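Taken in sequence, the protein lines are chains C and A. With this note's numbering applied, the first sequence corresponds to residues 83 to 193, in that order. With this note's numbering applied, the second sequence corresponds to residues 3 to 116, in that order. Here's the structure, in structure tokens; my notes come after.
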Amino acid sequence: GQQLNQSPQSMFIQEGEDVSMNCTSSSIFNTWLWYKQDPGEGPVLLIALYKAGELTSNGRLTAQFGITRKDSFLNISASIPSDVGIYFCAGRAGFADKLIFGTGTRLQVFP
Amino acid sequence: DTGVSQDPRHKITKRGQNVTFRCDPISEHNRLYWYRQTLGQGPEFLTYFQNEAQLEKSRLLSDRFSAERPKGSFSTLEIQRTEQGDSAMYLCASSLLGGWYEQYFGPGTRLTVT
């Protein structure tokens, strides 16, 4: 099935560093969501975006809905060990209710 | 406020057996979704319900798969004559109609077909 392109595929950073990741699509989306998934668990919703250009924060997390509506970005500031996990973007196109997920960015944080 | 729950969390079965998974959504949520996630991939949409009605099915949902939500509350996903390729994490999510399309996921059921 269709999956969105996420980059980078994986990141290894030191505690306290900032992190940026993005997600791109070949088609336009009306909604972008960012999730975090820990091993053996379901994805947990972090941020939801609904308008092109929208910038939304949730604590140390900030996400943006790209102006072209074909991309989205997630930034994590001052990373901590519990930020470790896989981050997925997900988009909703047109009037569809299903989500199309990205390939994931695996984040490792070293103390 | 309890989240989405799924049962069982893990299931090991032999090829050819039938399996059934259950999902209990967040209580006031009228939309329920099933996704499948294989190792190293993001979740892929299988099907979704609005109340009792199954509104969309993915091409991934072969004839061996059937999902129900008889009373508009919990849902079951059954796989008949399991194959090794069915090994995956099966995720359930729920959302509120008109609730900005935010889908909340359960912990998943990990299926291993031997």
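Ideal Cβ placement from N, Cα and C applies to all residues, glycine included. This one's a predicted model, so the numbers in the text were calculated from it and none came from an experiment.
Partners in chain A for residue i, counting only beta-carbon separations shorter than 9 Å
i      : result
T150/C : The premise fails here: T150/C is roughly 20 Å from chain A at the closest Cβ pair, so nothing lies under 9 Å.
Q85/C  : Q43, G44 and E46
L115/C : Y103, E104 and Q105
Cβ-based burial, residue i [other Cβ within 10 Å; buried from 16]
i      : result
R17/A  : exposed
L57/A  : exposed
F23/A  : buried
G124/C : buried
Q19/A  : exposed
S107/C : buried
S92/C  : exposed
R83/A  : exposed
S96/A  : buried
P90/C  : exposed
D111/A : Contrary to the premise, residue 111/A reads as Thr rather than Asp in this sequence. By the neighbour-count rule (16 or more Cβ atoms within 10 Å), T111/A is buried.
K73/A  : exposed
Chain A within 9 Å of residue i, Cβ atoms only
i      : result
F170/C : yes
G184/C : yes
G135/C : no
G122/C : yes
Cutoff 9 Å: residue i Cβ touching any chain C Cβ
i      : result
G108/A : yes
L113/A : no
S97/A  : yes
Q8/A   : yes
Presumed contact (8 Å Cβ cut-off) between residue i and residue j, rounded CB distance
i      : j      : result
S139/C : Q146/C : Not confirmed; about 10 Å, so no contact.
K180/C : Y50/A  : 6 Å
R71/A  : E54/A  : 6 Å
I213/C : E97/C  : This structure cannot speak to residue 213/C, because chain C is shown only from 83 to 193.
Contact list for residue i against chain A, beta-carbon separation under 7 Å
i      : result
R174/C : Y103
Interface residues of chain A facing residue i [CB-CB closer than 8 Å]
i      : result
P125/C : P45, L93 and F107
Chain C contact residues for residue i, given Cβ-Cβ distances below 8 Å
i     : result
R66/A : Result: empty, since nearest Cβ-Cβ is about 17 Å, beyond 8 Å.
Where residue i meets chain C, residues with beta-carbon distance less than 9 Å
i     : result
E58/A : A178, D179 and K180
R33/A : D179
Contact test: residue i Cβ vs the ligand FAD heavy atom, cutoff 8 Å
i    : result
S7/A : Judged by which ligands are present, the structure shown has none, so any question about the ligand FAD falls away.
(message) With three or more beta-carbon pairs closer than 8 Å as the criterion, would you say the region 99-115 of chain A touches the region 61-78 of chain A?
(response) The region 99-115 of chain A makes no contact with the region 61-78 of chain A: fewer than 3 CB pairs, one atom from each, lie closer than 8 Å.
(request) Say whether the region 4-17 of chain A touches the region 106-119 of chain C, bearing in mind that this needs 3 or more beta-carbon pairs closer than 8 Å, one atom from each stretch. (result) Too few Cβ pairs lie closer than 8 Å, so no.
(message) Counting beta carbon pairs with one atom in the region 184-192 of chain C and one in the region 89-99 of chain A, are three or more of them shorter than 8 Å?
(response) Flag = no, the region 89-99 of chain A and the region 184-192 of chain C do not touch.
(request) Check whether the region 73-84 of chain A touches the region 25-41 of chain A, counting contact only when three or more Cβ pairs, one atom from each stretch, lie closer than 8 Å. (result) With contact defined as three or more Cβ pairs closer than 8 Å, the region 73-84 of chain A and the region 25-41 of chain A are in contact.
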